[in-house]
Amino acid sequence: MGSNASIMLQQEDLQNICQQTGFTTKQVQRLYSRFKALDKRDCGFLIREDLLCIPEVNINPLGERLIDVIMEDYGENNKINFKQFIFLLAKFRGGKAKSLTTEFNTRESKLKFLFDMYDRNHDMKIDRRELLDVLKMMVGGNIHDDQIATIADHTIGELDDDGDKSITFEEFCNTLERIDADDKMSMKFLS
Amino acid sequence: MMITTAQVFTIISIICAPMVGIAALVLTLAALNLSLGIRRLYVQLLALIFDYATKIKRDKEISIDSNASSDEPPTPLPPSTAKNKLAPTLEKKNEDNPAEKTNSSIHSFDRRSQDPLFNSALLLLYNSSLRDIIDCTRQGLEAIVDDDVTKRFTSAEEMVVWNLLTRTQQQHEYFSMRVTLLWFLGFCVRYFILFPFRLFLFILGVLWMLGSAVFLQYFPAKDAKLRFGFYINIVLHRILSRVFSAIITIHNTEHRAKCGSICVANHTSPIDVIILSTDNSFSMIGQQQGGFFGMVQRTLSQTANHIWFERSEAKDRHMVAEKMREHIQAHNNLPILIFPEGTCINNTSVMMFKKGCFEITEATIYPVAIKYDNRFGDAFWNSSKHELFQYLILMMTSWAIVVDVYYLPPMTIEEGETSVDFARRVKAAIAKQGGFVDLEWDGGLKRALPKADYKAEEQRKFYEMLKTE
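Taken in sequence, the protein lines are chains A and B. Under UniProt numbering, read the first sequence as residues 1 to 191, first letter to last. Under UniProt numbering, read the second sequence as residues 1 to 469, first letter to last.
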């Protein structure tokens with residue numbers, strides 16, 4: 001075990017993280033154990049394969065896309081360390097009560113994460129191609145490409161308010177309001 | 001000062017005498033299946049010490065916590081799981097490839113209709129598919145935070161009461177002088193007193209095994225050989241169980257596996273075999289190895305009929321099943337011991353039972369649930385973390401292995417039941433008795449990724465939803 005590996009969670013780091021993310025110390029410790037359990041090579045960061053070998057993520061149709069988002073947007077060089085990991089997860093803390101909200105788990109940030117699941121070129125718009133990609137991942141080989149394309153076109157037709165043939169973040173949020181998306185994206189963290 | 005030969009001999013005999021005495025004592029106890037009750041007292045004493053140490057630790061923790069700012073109250077509820085949580089439902093899947101099914105209902109999307117009803121239906125469809133996409137995303141994140149499977153392949157989570165072994169602590173923080181002193185004392189006791197003693201017993205066990213093999217060579221009559229072999233085997237395993245300071249409590253001995261049957265148990269560690277063999281003798285089944293292990297296998301074959309098959313035969317499931325069937329049908333053959341999970345699981349759950357041995361319809365299955373008490377030593381073998389040898393050393397330097405063995409009533413396959421369903425039924429019975437979580441996931445996931453079929457199944461479900469809307 002090198003000096004980099006099995007980084008113990010120092011007290012100051014712990015306090016820092018708790019303050020910024022709003023997690024309790026026990027929650028952070030539990031997430032740290034989880035991080036270490038996933039980090040099988042014991043090198044202090046996770047790579048794609050570490051996350052991909054969780055069976056429930058592996059069989060999830062959006063599993064790979066989810067890992068893409070995590071690695072590219074929240075990690076660097078295809079690696080994610082514990083700090084990045086926990087700041088990512090901090091977004092999904094339930095935050096209805098005022099006291100529980102920090103700058104991380106706002107409604108905006110949850111919806112933005114969902115938006116990022118589609119918008120991989122980060123141009124703040126979901127175009128036809130990106131919508132198609134996600135739909136294809138969900139149905140796999142079960143529908144022909146032109147049939148999905150039709151669904152995608154109709155969807156854009158419906159949601160596009162400003163006629164630019166793509167969905168902006170604002171238009172996206174408007175749809176999601178109807179189905180209470182930020183509530184659905186909140187997770188309960190055990191302590 | 002010169003040490004004379006006489007003095008050397010005196011010294012050696014002084015050291016040897018107690019050793020010989022202990023050896024004789026252990027052998028007698030093992031043979032007669034008696035116990036002096038020392039191990040149980042020892043374990044009770046340990047429990048008191050652990051409680052004391054944990055109390056100190058908790059007091060320290062409370063003082064630290066009260067200094068920190070008040071946090072969110074701990075959520076007592078388990079993480080919310082959506083009703084359609086991803087789980088393998090592959091066995092129920094239709095064998096036909098759904099992609100090849102021609103579906104006529106999809107053409108409804110080709111309608112370039114301006115019908116407002118159609119548009120709102122589409123919006124509804126989009127909303128519900130969006131809901132699914134959101135659910136999938138959240139389930140993926142939840143699985144990253146905690147999933148049912150990966151935690152079965154590592155030692156169970158940190159215990160409430162710390163048992164003074166650094167290996168069970170996530171982070172060794174310096175709590176107090178007293179606890180560290182206790183730990184150090186424990187370390188010395190375990191490595192310098194208990195370990196040599198246990199090693200000695202282990203050597204004794206090996207000698208017994210070799211001696212008995214030689215002894216049995218001279219028995220011409222096969223029947224007598226088998227009867228003696230049975231008894232010798234049990235004594236051997238009783239000696240070996242003392243090597244790990246195993247405290248075994250057997251429940252429901254009336255359901256002990258009989259000759260000509262199959263005994264099935266959950267698997268946590270290689271020690272399972274030793275523990276079960278203290279009460280009953282079994283036929284092993286496995287691949288014929290070379291080298292030292294191969295010699296052990298041949299030695300064991302002297303005392304009983306085991307099923308060893310060649311590497312080439314191992315791939316052929318029918319051949320294996322045939323051999324098992326033959327073995328069972330000979331009435332005085334020992335019960336076959338099988339661990340259908342195929343790999344070691346950490347004793348909190350029971351994973352998918354491979355259907356191989358359940359396909360033998362004539363066999364009576366005697367299920368056994370093995371439940372370890374983690375407080376005195378974690379018996380789980382994490383083969384990706386420790387080699388077998390390292391694991392055995394860890395076991396020999398733990399406090400003790402406390403285990404409850406529950407024999408369950410025999411089961412046979414029912415009319416019209418498939419072997420998969422039968423396997424599931426037996427698994428459920430074992431899970432219920434041992435208080436384990438009953439999981440459908442394959443133990444093979446320890447090393448391999450799930451089959452692509454499972455993902456295809458999830459995608460098919462989404463497609464079905466799209467179709468019906």
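All C-beta atoms, glycine included, are put in the ideal place defined by N, C-alpha and C. Small disclaimer: the values here were computed from a predicted structure and weren't measured.
Secondary structure within the region 5 to 72 of chain A: the alpha helix (DSSP H) runs of 4 or more consecutive residues, fully enclosed, are 11 to 21, 25 to 38, 48 to 52, 55 to 58, 63 to 69 (chain order). Shown here, Lys427 of chain B sits in a helix according to DSSP, grouped into three states. Contact note: Val134 of chain A reaches chain B through Ile133, using a C-beta cutoff of 9 Å and chain order. Assigned with DSSP and collapsed to three states, Gly140 of chain B falls in helix. The residue from B:Lys151, B:Ala31, B:Arg227 with its alpha-carbon nearest to that of Ile239 of chain B is B:Ala31. Between Ala181 of chain A and chain B, the shortest Cβ-Cβ separation is below 8 Å. Distance from the CA of Tyr463 of chain B to the CA of Ile70 of chain A, rounded to the nearest whole angstrom, comes to 26 Å. If you look at His251 of chain B, you'll find it isn't in any alpha helix (DSSP H); it sits in the beta strand (DSSP E) that goes 246 to 251.
Listed along the chain, the chain B residues whose CB falls inside 9 Å of the CB of Asn81 of chain A amount to none; the nearest CB is some 15 Å away. Taken in chain order, the complete beta strand (DSSP E) segments of 3 residues or longer contained in the UniProt domain "Phospholipid/glycerol acyltransferase" (261 to 373) of chain B are 262 to 265, 285 to 287, 307 to 309, 336 to 338, 365 to 373. Within the same chain, Cβ atoms closer than 6 Å to the Cβ of Ser419 of chain B are found at Lys355, Phe358, Glu359, the five residues on either side in sequence being excluded. Residue pairing by DSSP places Asn78 of chain A in no beta bridge whatsoever. When DSSP states are grouped into helix, strand and coil, Thr418 of chain B belongs to the coil group.
Residue burial is scored here from C-beta neighbours: Ser13 of chain B has fewer than 16 other C-beta atoms within 10 angstroms and is therefore classed as exposed. The C-beta of Val8 of chain B has fewer than 16 other C-beta atoms within 10 Å across all chains shown, which makes the residue exposed. When the five nearest sequence neighbours on each side are left out, the beta carbons in the same chain lying within less than 7 Å of the beta carbon of Val149 of chain B are those of Trp441, Leu445, in order along the chain. Closest in C-alpha terms to Ala265 of chain B, from the list B:Glu61, B:Lys432, B:His327, B:Ile22, comes B:Lys432. Secondary structure at Lys91 of chain A: coil, using DSSP grouped into helix, strand and coil. Here DSSP, grouped into helix, strand and coil, assigns Tyr218 of chain B to coil. For Val26 of chain B, the enclosing alpha helix (DSSP H) covers residues 5 to 32.
For Arg311 of chain B and Ile285 of chain B, the gap between their C-alpha atoms comes out near 13 Å. Counting the other CB atoms within 10 Å of its CB gives Tyr366 of chain B a total of 16 or more, which places it among the buried residues. Under the 8 Å criterion on CB atoms, Ile54 of chain A is classed as interfacial with respect to chain B. Secondary structure remark: continuous beta strand (DSSP E) runs of at least 3 residues inside the region 430 to 461 of chain B: none found. For Lys165 of chain A, same chain residues with a beta-carbon under 8 Å away, outside a window of 5 residues either side, are Asp127, Arg128, Ile156 in chain order. Residues of the region 60 to 88 of chain A with a Cβ closer than 7 Å to any Cβ of chain B, in chain order: Asn60, Pro61, Leu62, Gly63, Leu66.
Assignment of beta-bridge partners to Asp404 of chain B by DSSP yields B:Thr249, B:Lys371. In the DSSP assignment, the residues bridged to Ile126 of chain A are A:Ile167. The C-beta of Asn174 of chain A comes no closer than 8 Å to any C-beta of chain B. Met187 of chain A carries a strand assignment under DSSP once its states are collapsed to helix, strand and coil. Legend: CB atoms of the region 142 to 155 of chain B lying less than 8 Å from CB atoms of chain A belong to residues Glu142, Ala143, Ile144, Val145, Asp146, Asp147, Asp148, Val149, Thr150, Lys151, Thr154. Counting only residues of its own chain and dropping the five nearest sequence neighbours on each side, Val26 of chain B has a CB closer than 8 Å to the CB of Leu201, Leu204, Ile239, Arg242. Taking 8 Å as the cut-off, the beta carbon of Gly443 of chain B is found closer than this to the beta carbon of Met351 of chain B. Taking the CA atoms as reference points, Glu56 of chain A sits about 43 Å from Arg298 of chain B. If the five residues before and after Arg39 of chain B are omitted, its C-beta is found closer than 7 Å to the C-beta atoms of Ser245, Ile247, Ala400, all from its own chain and listed in chain order. Any Cβ of chain A closer than 8 Å to the Cβ of Lys427 of chain B would place that residue at the interface, and such an atom is absent.
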